[in-house]
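Colleague:
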Amino acid sequence: MLEMVVTFFTAASVGELLLIFVSKVIEVTMGTLRGILINKGYRRQGSILAFFEIILWVFVASRVINGIADAPIKGIVYSIGFALGVNLGSRIENYIALGNVLIQTIVSKENSGIMASELRAKGYAVTTVEAKGRDSDKTVLMIFAKRKGKEDIIKEIHRTDGTAMIITNDVSTLHGGYISPATKSPAK
Numbered sequence: 001m002l003e004m005v006v007t008f009f010t011a012a013s014v015g016e017l018l019l020i021f022v023s024k025v026i027e028v029t030m031g032t033l034r035g036i037l038i039n040k041g042y043r044r045q046g047s048i049l050a051f052f053e054i055i056l057w058v059f060v061a062s063r064v065i066n067g068i069a070d071a072p073i074k075g076i077v078y079s080i081g082f083a084l085g086v087n088l089g090s091r092i093e094n095y096i097a098l099g100n101v102l103i104q105t106i107v108s109k110e111n112s113g114i115m116a117s118e119l120r121a122k123g124y125a126v127t128t129v130e131a132k133g134r135d136s137d138k139t140v141l142m143i144f145a146k147r148k149g150k151e152d153i154i155k156e157i158h159r160t161d162g163t164a165m166i167i168t169n170d171v172s173t174l175h176g177g178y179i180s181p182a183t184k185s186p187a188k
């Protein structure tokens with residue numbers, strides 16, 4: 001029994017296990033980013049990433065599959081690399097924040113004019129709509145912007161009206177309307 005446990009952990013070298021792990025993390029990170037890029041319309045960049053992703057997958061998977069009977073630890077290391085790659089890929093995508101967002105905020109009627117003016121002065125396209133809340137009149141502000149600037153807009157909204165309700169949605173398609181030059185998407 002003890003010999004089986006020792007063999008399980010020592011049948012593959014630490015260097016080989018490290019190579020499998022790091023390669024799998026890189027491959028799955030690339031795959032996660034590829035899926036997000038293609039989903040957001042960046043097909044060319046996603047296709048290039050797919051090419052390198054599949055090259056890594058072929059070599060890493062074949063190394064694991066061909067040696068799994070002798071060193072089952074390879075499968076565990078491969079699986080851990082997969083899980084970490086998904087997490088890392090989503091964190092990287094969140095950091096680079098590709099695409100556009102529509103931020104809708106429901107604010108008091110008193111604060112809406114100031115907030116809209118300040119956001120417009122910063123170059124954001126703002127549309128306002130009068131609304132009725134349960135207890136008072138409200139204004140809905142709709143702001144179209146790059147995802148990269150989303151947190152700054154939210155901070156500005158909270159600075160002007162700490163009780164504002166904020167909803168954000170990723171935008172895949174937009175036709176017509178006014179978009180300030182600061183928020184236009186790059187050519188895909």
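For the sequence shown, the residue numbers in the UniProt record's numbering are 1 to 188. The C-beta atom is built at its ideal place from N, Cα and C for all residues, glycine as well. Please read these numbers as outputs of a predicted model, since none were measured by experiment.
#1: Tell me which residues share the same chain as residue 115 and place their Cβ nearer than 7 Å to its Cβ, disregarding the 5 neighbours each side in the sequence.
#2: I'd like to know whether the C-beta atoms of residue 154 and residue 166 end up nearer to each other than 8 Å.
#3: Among 73, 43, 103 and 39, which has the Cα closest to the Cα of residue 125?
#4: To the nearest whole angstrom, what separates the beta carbons of residue 29 and residue 85, a pair I think is in contact under 8 Å?
#5: Beta carbon of residue 144, beta carbon of residue 119: below 8 Å?
#6: Within 10 angstroms of its Cβ, does residue 52 collect 16 or more other Cβ (buried), or is it exposed?
#7: Could you give the distance in angstroms between the alpha-carbon of residue 50 and the alpha-carbon of residue 44?
#8: Considering only residues of the segment 85-130, which uninterrupted beta strand (DSSP E) runs meet the minimum length of 3 residues and lie entirely inside it, listed in chain order?
#9: Would you mind working out which of 73, 149, 109 and 151 sits nearest residue 136, comparing C-alpha positions?
Modeller: So, from the data block:
#1: The beta carbon of residue 115 sits closer than 7 Å to those of 107, 141, 157, 160 and 161, all from its chain and outside the five residues before and after it, given in chain order.
#2: In this structure, residue 166 lies closer than 8 Å to residue 154 by Cβ.
#3: Of the candidates 73, 43, 103 and 39, the one whose C-alpha sits nearest the C-alpha of residue 125 is 103.
#4: With a Cβ gap of about 5 Å, residue 29 and residue 85 count as contacting.
#5: Contact flag unset, no.
#6: Residue 52 counts as exposed, since fewer than 16 other C-beta atoms from the protein chains shown sit within 10 angstroms of its C-beta.
#7: Roughly 10 Å separates the two Cα atoms.
#8: Correct list: 100-108.
#9: Measuring from the Cα of residue 136, the nearest candidate turns out to be 109.
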